[in-house]
Amino acid sequence: DKQAQEGRAFAESCGVEFFEEPQDLLGRIDAVTIATSTPAHFEIAKLFLDNGVHTFVEKPLTTTSAAGRELTALAERKGLKLQVGHVERFNSALLSARDKLGTVRFIECHRLAPFQIRGADVNVVLDLMIHDLDVILSLIDGAPETVSAVGIPVLTDTIDIANARIEFDTGAVANVTASRVSMAAQRKFRVFQRNQYLSIDFGKGDVQLVAHTPGSADEPGKLDEQTWSLEKGDALLAEVAAFVNAVRTDEPCLVGGADGVAALELAERILEDIERREF
Numbered sequence: 277d278k279q280a281q282e283g284r285a286f287a288e289s290c291g292v293e294f295f296e297e298p299q300d301l302l303g304r305i306d307a308v309t310i311a312t313s314t315p316a317h318f319e320i321a322k323l324f325l326d327n328g329v330h331t332f333v334e335k336p337l338t339t340t341s342a343a344g345r346e347l348t349a350l351a352e353r354k355g356l357k358l359q360v361g362h363v364e365r366f367n368s369a370l371l372s373a374r375d376k377l378g379t380v381r382f383i384e385c386h387r388l389a390p391f392q393i394r395g396a397d398v399n400v401v402l403d404l405m406i407h408d409l410d411v412i413l414s415l416i417d418g419a420p421e422t423v424s425a426v427g428i429p430v431l432t433d434t435i436d437i438a439n440a441r442i443e444f445d446t447g448a449v450a451n452v453t454a455s456r457v458s459m460a461a462q463r464k465f466r467v468f469q470r471n472q473y474l475s476i477d478f479g480k481g482d483v484q485l486v487a488h489t490p491g492s493a494d495e496p497g498k499l500d501e502q503t504w505s506l507e508k509g510d511a512l513l514a515e516v517a518a519f520v521n522a523v524r525t526d527e528p529c530l531v532g533g534a535d536g537v538a539a540l541e542l543a544e545r546i547l548e549d550i551e552r553r554e555f
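If you use our numbering, the sequence shown corresponds to residues 277 to 555, in order.
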């Protein structure tokens, strides 16, 4: 940690050693978590991968997909694990609903948050929206075909609120809104399928499933509703545990470098369209 005083105090409270520079860890560790500001991800991750250290990088993997591809290729050449911290993949509400999902036709999601300085070193697409982009890509089979987006700066010099409509080559559509200038937090994710609607509140752990049973000439159709709530599990702990397990067992990472790159590629397309129609 570059903030030596705070870092040293925290290390002492945990009973661990403190290091001010990343290179001081080389030769002493097998795996590392990088939770710095986004612009520093690439340089630090490359340092550890070059030196044979399995690496977990907070989202987004890097600031560009090109840099992400370089890290992913490096990890593959070295035979190392590279996991990206797309934490919503480990959200207990999403995990509980995955077996209810089939062919996804439409997704609508809103990720709203009050403004904080932390995270403002990148735009809201890389700061917040990328969480939902990763989940969307994990649920929809097919590739993003067309992207239409709009976004504006409000409190910073970068985009603080954005909306994107993504059409996939399978016909599925996702509509995504992200804001870091809202008065209240919201992390809602809605999935529409044939005869079924699923709503997931990532923040509260609430899930609502509404299924339609088609009728016949003699009987009308009916709607069946199920709701359930889960205790807010520690998704951060779960993703780190999954990373450690991948290192120990040599299993693939649940959210690997390629996933991080795919989310960045889609984010870049959104940002390009925002810049194209800037007003």
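Cβ atoms here follow ideal geometry from the backbone N, Cα and C, with glycine treated the same way.
In this text, all values refer to a predicted model and were calculated from it rather than measured experimentally.
Looking at residue j and residue i, is the spacing between their C-beta atoms short of 8 Å?
i	j	result
Val516	Ala369	no
Ala539	Ile442	no
His362	Val520	no
Ala389	Ile476	no
Leu323	Ala543	no
Ser313	Asp397	yes
Ala448	Arg381	yes
Asn367	Ala511	yes
Ala294	Arg284	Residue identity check: residue 294 is Phe in the sequence provided, not Ala. In contact: Phe294 and Arg284 (Cβ atoms closer than 8 Å).
Asp436	Val457	yes
Gly533	Ala351	yes
Leu499	Lys376	no
Ile320	Pro298	yes
His330	Asp306	yes
Asp549	Val400	no
Phe444	Ala419	yes
Rounded C-beta distance between residue i and residue j? I'm assuming under 8 Å.
i	j	result
Ser505	Gly481	6 Å
Val308	Phe286	Actually they do not touch by this definition, with Cβ atoms about 17 Å apart.
Val452	Arg553	About 16 Å separates the two Cβ atoms, so there is no contact after all.
Asp417	Thr446	6 Å
Gln469	Gly378	6 Å
Glu334	Phe478	17 Å between Cβ atoms; not a contact.
Val523	Lys278	Between Lys278 and Val523 the Cβ distance is about 26 Å, and since that is not below 8 Å, they are no contact.
Gly497	Thr489	6 Å
Cys529	Gln359	4 Å
Asn327	Leu302	5 Å
Ala450	Asn471	Not confirmed; about 20 Å, so no contact.
If you follow the beta strand (DSSP E) that residue i is part of, which residue opens it and which one closes it?
i	result
Ile442	437 to 444
Thr422	420 to 428
Leu402	That residue, Leu402, is in no beta strand (DSSP E); it is neither H nor E in DSSP.
Ala311	Note, Ala311: premise wrong, no beta strand (DSSP E); not H, not E.
Arg466	462 to 469
Val449	449 to 455
Lys498	498 to 505
Gln299	Gln299 -> no beta strand (DSSP E), and no H or E assigned at all.
Ile476	472 to 477
Ala487	482 to 489
What residue range is occupied by the uninterrupted alpha helix (DSSP H) comprising residue i?
i	result
Gln279	Segment: none, Gln279 is in no alpha helix (DSSP H) and carries neither H nor E.
Asp433	Per DSSP, Asp433 belongs to no alpha helix (DSSP H) and is neither H nor E.
Leu415	406 to 415
Would you say the beta carbon of residue i comes nearer than 7 Å to a heavy atom of the ligand MN?
i	result
Thr379	The ligand MN is not part of this structure, which contains no ligands at all.
Quick one: any contact between the region 461 to 468 and the region 381 to 389, if contact means 3 or more CB pairs under 8 Å?
-> yes
For the region 513 to 542, list the alpha helix (DSSP H) runs that are entirely contained and at least 4 residues long, ordered along the chain.
-> none
The region 427 to 434 touching the region 328 to 347, judged by at least three CB pairs closer than 8 Å | no
Quick one: which unbroken beta strand (DSSP E) runs of 3-plus residues sit fully inside the region 316 to 381? Chain order, please.
-> 330 to 334, 358 to 361
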